[in-house]
Amino acid sequence: MDFLDPLLLARWQFGLTTLYHYLFVPLTLGMALVVAIFQTVWHRTGNVKWLHLTRLFGKIFLINFAMGVVTGIVQEFQFGMNWSAYSRFVGDVFGAPLAFEGLLAFFFEATFIGLWIFGWDKLPKALHLFSIWMVVLGSTLSAYFILAANAFMQNPVGYQIAADGGRAELIDFGAVLTNPIVLAAFPHTIFAAWMFAAAVVIAVAAWHISRAQHLETMRPALRFGMWGMIVSFIGVAISGDQLSLVMVATQPMKMAAAEAMFNTACGADASFSIFSIGTPDGTEEIWSLRVPYLLSFLSTHSFDGCVEGLNDLQAQYTETFGAGVDYRPIVWVTYWSFRWMIGLGGIATLISVAGLWVTRKKATRPVAPWMWKVAIWSAPLPLLGSLVGWVFTEMGRQPWIVFSLMLTEDGVSPNVPGWTVLISLIAFTLIYAALAVVEFGLIRKAAQKGPDPLPEPGSPEAEAVSTSHTQTTVY
């Protein structure tokens, strides 16, 4: 293996920086909604504990948002640095949704974040609440446009190849925005982000409750987080089912790799693999533990449906796209990332279900100390599930950078030597590691500090906080 291979290093750099950037994306998407809900409850009830929850998780949201902006800038520069051939080929199409994301969604979001930060004691209460909901809308729109760009790589639509054959030209922006992939992936991604935000709320609340701190504030936050986790997981499951149907229709090779399905099968033979062992070359199964009919039902919503296998698809792709290329992704990466994605989210949800039971009002036993630790340390599970989900999404598309149009090896910059990519890879890794320490330290400090002390019920301070913004300037 050539460790100065520009393609290998460019793939590693893009993969690492993308996954690092995505550490901040779901918390931004999910925490914006959490803060908006908490502020809405305070606005409607006047109960000051919801104000303090708004301010506490608002700090976490802002710290995370700033870091996400910094790391996101690097992502777009990489298209020109290491993937110039790809950028030239799809720039007309790929650039359109990214332009809308930057010029419309991001600036919309940033404007209302500014109003929310600095408008606590300057804007009317209702208008200030409106601003945080516009932040939620802006961040959600931003996610949609980015997913639309990525969906083109999975299932190219709305384009034509230029007369010289050198690039794809946009002819139908509406088709790009309504790509079946993005319509299914968008709710799946948003619900997954809400799961992670709920996990953070649970962890913060559990940490304080385990120390008998801020109980009046943290108990409702804990229950809110647990219910949010469960509802979001249901959304993830339903949207994931729809996404799998679209994937079978547009990327059958990815589904075959996800299930280690080497040969086309129907009905009972189209079984869901719980555990499989295959040959080193990824062409044959040695042993597996399977559930009959389940893959057929998941892939086609019919117990008699057929699922195409890796070997049959390889033969079809060779005939359609040309010989000399292995069109199968790395099976073990795709297979296990699909299972880790499901498993991590499922474990986090089961912890919330158990948490609701042990913290119910009629519980006869106190919550054991180890249970609080489980709640705290389970916070990363939904995030890790999202990360391996993206590994599945992108690695399952290989060897294509744009499915059916451009191979990954053809998209790399032709005149960039490997040593320059290696230098930037090392530099980004070191800088990002330092930023991760800073980010985690700031969020941990804000979370452990907790909300400000609650004023005594009936006191002038409590009345002032519940009726105006005069006492709420903290940013």
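In full-length UniProt numbering, the protein residues as written are 1 to 475.
Beta carbons are placed, not taken as given, at the ideal position from N, Cα and C, and that holds for glycine.
All figures in this text were calculated on a predicted structure; none of them were measured in a lab.
Counterpart residues of residue i in DSSP-defined beta bridges
i      : result
Leu170 : Tyr159
Ser276 : Ser288
Ala265 : Val307
Trp400 : Leu407
Residue i, DSSP secondary structure in three states
i           : result
Val416      : coil
Leu407      : strand
Trp83       : coil
Glu394      : helix
Val25       : helix
Gly4        : Note that residue 4 corresponds to Leu in the displayed sequence, not to Gly. Three-state DSSP puts Leu4 in coil, outside helix and strand.
residue 478 : No information on residue 478 is available, as it lies outside the stretch 1 to 475 that the chain covers here.
Arg328      : coil
Gln316      : helix
Gly46       : coil
Pro252      : helix
Gly58       : helix
Gly68       : helix
Tyr432      : helix
Gly385      : helix
Glu439      : helix
Residue i to residue j span [Cα, whole Å]
i      : j      : result
Leu4   : Asp410 : 17 Å
Gln471 : Gly68  : Caution applies to Gln471, whose pLDDT of 41 falls short of 50 and renders its modelled position unreliable; the value that the coordinates give is listed next. Cα to Cα, the separation comes out at about 30 Å.
Thr429 : Ala249 : 37 Å
Arg211 : Ile347 : 25 Å
Gly29  : Ile286 : First, the amino acid is wrong: residue 29 is Leu here, not Gly. Near 43 Å, if we compare the C-alpha coordinates of Ile286 and Leu29.
Glu216 : Thr189 : 33 Å
Pro460 : Val48  : Bear in mind that the predicted position of Pro460 carries a pLDDT of just 45, short of 50, making it unreliable; the figure below should be weighed with that in mind. Each residue's Cα considered, the two are about 13 Å apart.
Gly385 : Ile342 : 7 Å
Ala260 : Gly240 : 19 Å
Ala315 : Met247 : 19 Å
Val90  : Thr17  : 21 Å
Val438 : Leu8   : 30 Å
Trp377 : Met371 : 10 Å
Gln251 : Ala257 : 10 Å
Met153 : Pro366 : 52 Å
Gly267 : Asp304 : 4 Å
Ser139 : Phe196 : 16 Å
Leu289 : Gly158 : 41 Å
Phe118 : Ala447 : 21 Å
Ile181 : Pro399 : 19 Å
Anticipated Cβ contact below 8 Å, residue i with residue j, distance rounded
i      : j      : result
Glu109 : Ser84  : Their Cβ separation, rounded to whole angstroms, is 29 Å, which puts Glu109 and Ser84 out of contact at 8 Å.
Met31  : Phe14  : Not quite, the Cβ-Cβ distance comes to about 26 Å (not below 8 Å), so this is no contact.
Cys306 : Thr359 : Wrong, their Cβ atoms sit about 47 Å apart, outside the cutoff.
Ala375 : Ile401 : About 41 Å; that fails the 8 Å criterion.
Cβ-heavy atom distance, residue i to the ligand NAP, below 6 Å
i      : result
Ser273 : Although the ligand NAP was asked about, the structure shown includes no ligands whatsoever.
Original post:
At what residue ranges does the region 86-150 contain a whole run of the alpha helix (DSSP H), taking only runs of 4 or more?
Top reply: The qualifying runs are 107-118.
Original post:
Could you give the uninterrupted runs of the alpha helix (DSSP H) lying entirely in the region 164-241, keeping only those of 4 residues or more?
Top reply: 173-177, 180-210
**OP:** Let me know the alpha helix (DSSP H) ranges lying completely inside the region 332-381, each 4 residues or longer, listed in chain order.
**Re:** If we require 4 residues or more, the alpha helix (DSSP H) runs fully inside the region 332-381 come out as 369-377.
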